[in-house]
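Have a look at the structure below, then the notes.
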Amino acid sequence: MKQNHQDIDQQASAFVDALRAQRQAHMPIMRFHQWPHFISTVKSLMAKS
C-alpha cells in the first residue's frame, strides 16, 4: 500500500473531524514510518481548534 503525505493529511483531518464531532475516530492502516507524520498532523490540527 503506497500513500503519500497528502493521503495521510486527509486521513488525519478526517480523524480530527471525528474527534471534534464526538464520533468514533478510526485509525487508518499505515506503515510505521508514516506514523510520525500522521500524529504531527493530528496534533497541529487539534491545536488550531
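Numbering (this note's numbering), first residue to last: 617 to 665. Yeah, the Cβ is synthetic: ideal placement off N, Cα and C, and Gly gets one too.
- Nearest to residue 625 by C-alpha distance, out of 637, 635 and 650, is 650.
- Shown here, residue 663 sits in a helix according to DSSP, grouped into three states.
- The Cβ atoms of residue 652 and residue 627 do not sit closer than 7 Å to each other.
- Take residue 632, set aside five residues on each side of it, and the residues of its chain with a beta-carbon closer than 7 Å to its own are 658, 661 and 662, in chain order.
- Here DSSP, grouped into helix, strand and coil, assigns residue 644 to coil.
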